[in-house]
Amino acid sequence: MEIAGALRTAREMGLVACTRCTRVWPGGTARCGRCGHRLHSREPKALQRVWAWWAVGLIAYLPANLWPMLETRTLVLSQESTIVGGAVDLARHGNWGIALVILVASVAIPVGKFLAIASLALGVRGGSALPRHRRQQLYEVVEYIGRWSMIDVFVVAILASLVQLGAVAQVSPGPASLFFALSVIFTMLSAQAFDSRLIWDEDPAPLAPPLPEGRPA
Amino acid sequence: MTEMPPETPVEPARKSLLERLSIVWVIPAAALVIALGVAWNSYAERGPLLELSFQTASGIRAGETELRYRDVTVGLVESVAFTQGLGQVLVGVRLDRDVAEYVDDDAQFWVVRPEVTPQGVSGLETVLSGTFIEGIWDETPEGFIARHAAEAQAPLNREGRPGLTLRLRAAGMASLTEEAPIIYRGIEVGRIGRAEVSPDGSTVEARAIVFAPHDRMISSATRFWDTSGFRFSLGPGGARLDFDSIASLVSGGITFRTVVSGGAPVSANALFTVYPDEAAARASVFGAETGETLVLTAIFEENVGGLAVDAPVDLGGLRVGRVTALTGIVDAERFGDDRVRLAATLAIQPGQLGLEDGAGPEAALAYLESRVAEGLRARLVTASLLTGGLKVELVEVANAAPATLETDAVPNPVIPTAPADIADVAATAEGLYNRINALPIEQVMDSAIAALDNVARLTGSEDIRAVPGEVRALLGEARGLVGSEDTQALPARLSAAVGELETLVARLNESDTAGRLTAALDAAAEAAAGVDTALAGVPGLVDRLNGIAANAETVPLDELAGRLSALLDAADRLIDTDAARALPADLSAALEELRAVLAELREGGVVENANATLASARSAADDISAAAQDLPALLARARAVLDQAAATIRGYDASRGVGRDLGPAIREVERAARAVSALARTLERNPNSILFGR
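From first to last, the protein sequence lines stand for chains Z and H.
Be aware that the first sequence starts at 1, since it is given in full-length UniProt numbering, and climbs by one per residue.
Be aware that the second sequence starts at 1, since it is given in full-length UniProt numbering, and climbs by one per residue.
In structure tokens, the structure reads:
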């Protein structure tokens, strides 16, 4: 994908684009002359926002796993199961496939997202072992998967609304489902706050105008 | 893009921390604060950990099983573990902080499980929700106590209702069913708890509760009895089927009444006896089954049937207690062999022993101990010959082997025993039966049948049928005879005759004829004696008499002898006359008649008079008899006198010579003989004169 030779970014050329009206201004312009939007070559505190959302997501993710996700009440049994506990129960009863799906959707993917965002953010600051292309792909995957991360909450919501058979059987969402949803939202915000251009900013061939933020590369 | 962009203004290198930090950090900070706050809050709100020890943890699961109080969840099981040494299951329950202060010493915990009992199904909710731990405690906070031993079964008063707890003891055949209701006039007012065998093993005790407000009906005059099952009786009033309620029919139950007035209020855990039926319960009020009893054990060497529970215990013929239980006992160490001995538990009423009022079991025990030292023993005696039932008798046995009342024996003091005094009714009855069996009943029956046949034939004959008529006629005649005037007049005449007889005897006594005759004879004898003395001086005159004798040859001595002999004959005749001989016979006949008449007359009013009269008559007759007895003696003496006279005369005749001086003597003799002859003639003429004195 990389076009060899004389490909230069706007930043390298000392230009900055308005993110609202897309008018390109010379680097250093404080406000957009057309729409008045504040001009930044890069969002000044983007990484901070990434980390902040990431932290909230992680805080929300702990109770999401410790508290029961689903409260199942049938005629003879009242059961509260956490995400992992439910998956382990299912696996113990032989439903390996469903257990695997739950584990992947509810544990592997969120945890993977946390790890991916953290590694991307760390990679911006201190460099990374991964090549830039891989990091870009990782970012795209995270962005893509984010919208599917709510699948657990959907399942709980659907079950809770469908299985309302009075005293015979009743399924209601546990407190973990709320926290899981919050966790997903915050990780999505975290991923969104990440400016993927930062991956490419520490290109080994920077041009004359220094970064306005003065951030160490 | 022809012109170059303007120079970017240089911004200050350093900014404040606030400026450098993104506003977004507020969110994670808030989240963190909230999380920490929630964590702290939940930790601070957490109640204490309650540790319950169970025998088994069936159905208890950590994180699921709840602790409930009055059906409200107040805790959750956190852990299920073992105590040290795996002896018990230790269940950790996180208790709500609000109730912790109330879980004090009196708290009770048990596991509620579904149970199907005759009273119904309980704990059904646990089928759906799983078992839970129920707790009960009172309403006064007395400090939290973490460690509790859980009950194996639900306590008696699981609802925490106010009521009166009692101890019930089954008597005899009464049964105490666990969880059975206490019914009062058809309403369940209480419940029997878990039944346990009493410490002495003789009966069953159970705790029970009577809920308020019905507990005020319990007093010391209250009697409980068993209403379980049904009773069927067949009597003059027809068949009767009695049972209290279907529930108690199936499951058993007890009821109570206050059968007499004047009962005192009872305190908690008072002991009551449950009787087998209402009659026994009511009868117990009037029995002496009040107060504490002295419980003794008597171990009998004999193995005999017939002793039963409730058999009386007698002391000196007075009932002082009863047998409450019978067991066999095998104790090789104590008795030296493996025989089974009969151990009877005796309940002695101290009040029946004659001790003063209020004497307790201790006083009774001391009394019996002293009596045992004097030889008092328990023994089996026959209570009823018919049934062969036995009773226990406390009796002083002479020469009893020394023994003491073992006051410190377990479970009861042991009273020494003596060999049984049992009439072997069975053996005797068997002998009797054998003898009856050996009787020739068939032959007897045959003879009896033949005799009855004969009787039937006889009674069937015309003659026998005519007999009653004849008898009736005979009786009529007899009645006519008795009713005739002659017969009626008989007593009066008899009385007159007896009167005459009496006067006759009196006059006879007055005249004293026998006395005079005796005197006359005495005079004759004297004369004869005078003759003899005359003869003593006579021999000198013999010669003269010889001459006289010559003259005397002419004297008609022969005629004299003939007349003497005639006199004697007459006297003999007199003795031999029919009249004299008939006299006793007449007297006897008269007495016979008298007696016969008297027998008839006894009904008449004469009897008293007749008795008196007869007494007089008897004395008169006795006199007559005495006089009659004197008569032969009189005659014998007369004969002796005459013999003497004859001998004298023969002497004269022999000597011949004597006759001279004999003239006056002979004249006297002649005179005497004449007098005798005259007497004899008089007697011949009138024999009665000797009796009547003229």
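The beta-carbon is built from N, C-alpha and C at its ideal position, and this holds for glycine as well.
If you're wondering where the values come from, they're calculated on a predicted model, not measured in any experiment.
Check	Outcome
Under the three-state DSSP convention, the category R194 (chain H) falls into	strand
Heavy atom of the ligand COA within 8 angstroms of R46 (chain H) beta-carbon	The model depicted lacks the ligand COA and carries no ligand whatsoever.
Member of Z:V142, Z:A167, Z:S161 whose CA lies at the smallest distance from the CA of D195 (chain Z)	Z:V142
Residues near L176 (chain H) in its chain [Cβ-Cβ closer than 7 angstroms; skip 5 each side]	L168, A170, I192, A195, V204, A206, V274
Within chain H, the residues that Q48 (chain Z) reaches when beta carbons sit closer than 8 angstroms	L21, S22, V24, W25
C-alpha gap between L166 (chain H) and H214 (chain H), whole angstroms	13 angstroms
Backbone secondary structure at Q164 (chain Z) - three-state DSSP	strand
Residues that DSSP places opposite K391 (chain H) in a beta bridge	H:V381
P173 (chain Z) - containing beta strand (DSSP E), residue span	169-173
Within chain H, partners of K113 (chain Z) - CB distance below 8 angstroms	Those within 8 angstroms of K113 (chain Z) in chain H number zero; the least Cβ separation is about 16 angstroms.
Within chain Z, partners of L32 (chain H) - CB distance below 7 angstroms	I59
Sheet register partners of Q108 (chain H) (DSSP bridge)	H:I136
Interface residues of chain Z facing S129 (chain H) [CB-CB closer than 8 angstroms]	S78
Proximity test, Cβ basis, 9 angstroms: P131 (chain Z) and chain H	no
Backbone CA spacing between L100 (chain Z) and V16 (chain Z) [nearest angstrom]	47 angstroms
Sheet register partners of R147 (chain H) (DSSP bridge)	H:E51
Own chain, CB closer than 8 angstroms to I83 (chain Z), minus 5 neighbours either side, in chain order	A64, N65, M69, I102, S106, V107, D152, A176, F180
9 angstroms Cβ cutoff met for T75 (chain Z) and A160 (chain Z)	The identity of residue 75 (chain Z) in the sequence shown is Leu, whereas the question assumes Thr. Cβ distance not < 9 angstroms, so L75 (chain Z) and A160 (chain Z) don't count as in contact.
Length of the line joining the Cα atoms of A438 (chain H) and T407 (chain H)	55 angstroms
For I60 (chain H), the nearest candidate out of H:A344, H:S284, H:R113 (CA to CA)	H:R113
Listed by chain order, chain H residues near V56 (chain Z) by CB distance under 8 angstroms	I27, P28, A31
Between the CA atoms of D569 (chain H) and R681 (chain H) - distance to the nearest angstrom	11 angstroms
Beta-ladder partner(s) of D421 (chain H), from DSSP	H:V381
Which listed residue (H:V93, H:S129, H:T258) has its alpha carbon closest to that of residue 238 (chain Z)	Residue 238 (chain Z) is absent from the model: chain Z starts at 1 and stops at 217.
Interface partners of A150 (chain H) on chain Z, CB under 7 angstroms	Result: empty, since nearest Cβ-Cβ is about 23 angstroms, beyond 7 angstroms.
Collapsed DSSP secondary structure at G431 (chain H) in the structure displayed	helix
Partners in chain Z for A35 (chain H), counting only beta-carbon separations shorter than 7 angstroms	I59
Backbone CA spacing between K45 (chain Z) and S81 (chain Z) [nearest angstrom]	40 angstroms
A492 (chain H) versus A450 (chain H): straight-line alpha-carbon distance, rounded	55 angstroms
Distance CB(G57 (chain Z))-CB(V155 (chain Z)) smaller than 9 angstroms	no
Three CB pairs or more closer than 8 angstroms across the stretch 258-270 of chain H and the stretch 295-311 of chain H	no
Unbroken alpha helix (DSSP H) run spanning T459 (chain H), endpoints	441-460
Sequence ranges, beta strand (DSSP E) only - wholly within the stretch 251-332 of chain H, length at least 3	254-258, 270-275, 294-300, 312-315, 318-329
Y102 (chain H), DSSP secondary structure in three states	coil
Residue ranges of each beta strand (DSSP E) within the stretch 65-96 of chain H, 3 or longer	66-69, 72-82, 89-95
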